[in-house]
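Read the structure below first, then the notes.
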DNA sequence: TCATTTTCATTGGTACACAAATGGTATTGA
DNA sequence: TCAATACCATTTGTGTACCAATGAAAATGA
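Protein chains in written order, with our numbering: chain A, 1 to 145; chain B, 1 to 145.
Here it is, written out as structure tokens:
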């Protein structure tokens, strides 16, 4: 019986050790905590709302770039935020392609009253790590951006 | 003018520093590399196929648990793998609720011929990091599982 | 000026991802 | 034994996420 290189190769691949798998699991953990702590708003929706509050009036695509969502994705997110009255759209007089997105008073209030919870969610996600490890993880993840 | 605690709180939340956002961005990076290096099979599909090859005959839900996919998700993934002839399902004689999933010869061959690329994908995803940093990141992500 | 290129928002299509509900089927424990 | 419980696979519904293509509108440059 000869040595099977294909098997050796395959055996050297362990799903549980791959970055992609570990990233997916960590994201799952985070999203579960988010949904529990801030039900009624998804992490993605909160991210878009937060960025919009930070930036002020912003075109839809620009908001997408600021939140790492492509044009198709940010459209869906913005639509749902608008449907809930958290965000409003007004045409840009200087560029007829664009609509400015803006947080409504209600949206801004929700953001401000949720910001503490959002910080808590990050902390809880990182709870299994020591403070130094948390710093390290955030720094390393940042380098992958 | 009084000090506005809500604003102070809000100002202390920076999207770009939150784990959730950084995890999402790192995942995007990984998925983009995966799609480029192994087109024709998603990262999720490859994960399921790899685990199935590793475990041998496995019920659908058990495969889902082994790959961190819920029952509804693994069903869709398994359906697509079956539609492509990479996986086959046979009824479990001992439990009429179950169907064993099994990689076909074609599925196993594809897995074995793709395992090297899969390892490369992980390496490329981590390319911005030093070897020591890669180890650290994987270890910290593992603790969040 | 006017053609090329870029950008904006939208659409349609595919693929995860999870909650909740369902109908069968096993397992259990009193 | 048989009722309560747990598990399996499936379905429905909602929400990301990305690709590719579209038409309208700007920006660019020869």
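Beta carbons are placed, not taken as given, at the ideal position from N, Cα and C, and that holds for glycine.
Boundaries (first-last residue) of the beta strand (DSSP E) holding residue i
i                      : result
residue 101 of chain A : 99–103
residue 91 of chain B  : 87–91
Alpha helix (DSSP H) segment containing residue i, residue limits
i                      : result
residue 147 of chain B : As shown, chain B starts at 1 and ends at 145. That puts residue 147 of chain B outside it, with no answer to give.
residue 128 of chain B : No alpha helix (DSSP H) holds residue 128 of chain B; DSSP gives it neither H nor E.
Residue environment, residue i, which counts as buried when at least 16 other CB atoms sit within 10 Å
i                      : result
residue 32 of chain A  : exposed
residue 113 of chain B : exposed
residue 76 of chain A  : exposed
residue 29 of chain A  : buried
residue 139 of chain A : exposed
residue 64 of chain B  : buried
residue 107 of chain B : buried
residue 122 of chain B : buried
residue 36 of chain B  : exposed
residue 1 of chain B   : With a pLDDT of 47 at residue 1 of chain B, under the threshold of 50, the predicted position of this residue should be treated as unreliable, though the coordinate-derived value follows. With fewer than 16 other Cβ atoms within 10 Å, it is exposed.
Assumed close pair residue i, residue j - CB separation to whole angstroms, cut-off 8 Å
i                     : j                      : result
residue 19 of chain A : residue 125 of chain B : 5 Å
residue 87 of chain A : residue 104 of chain A : 6 Å
residue 78 of chain B : residue 101 of chain B : 6 Å
Sequence ranges, alpha helix (DSSP H) only - wholly within the stretch 41–84 of chain B, length at least 4: The stretch 41–84 of chain B contains these whole alpha helix (DSSP H) runs: 43–55, 60–66, 71–83.
Three CB pairs or more closer than 8 Å across the stretch 18–28 of chain A and the stretch 63–70 of chain B: Inter-segment contact for the stretch 18–28 of chain A and the stretch 63–70 of chain B is present: three or more beta-carbon pairs are separated by less than 8 Å.
The stretch 47–55 of chain B touching the stretch 107–127 of chain B, judged by at least three CB pairs closer than 8 Å: Under the Cβ criterion (8 Å, minimum of three pairs), the stretch 47–55 of chain B counts as touching the stretch 107–127 of chain B.
Counting pairs of Cβ atoms below 8 Å between the stretch 74–92 of chain A and the stretch 57–66 of chain A, do you hit three or more? As far as the Cβ criterion goes, the stretch 74–92 of chain A touches the stretch 57–66 of chain A, which means the pair count is three or higher.
May I ask you to verify whether the stretch 77–86 of chain A touches the stretch 130–144 of chain A, counting CB pairs closer than 8 Å and requiring at least 3? Taking 8 Å as the limit for Cβ pairs, the verdict is that the stretch 130–144 of chain A does not touch the stretch 77–86 of chain A.
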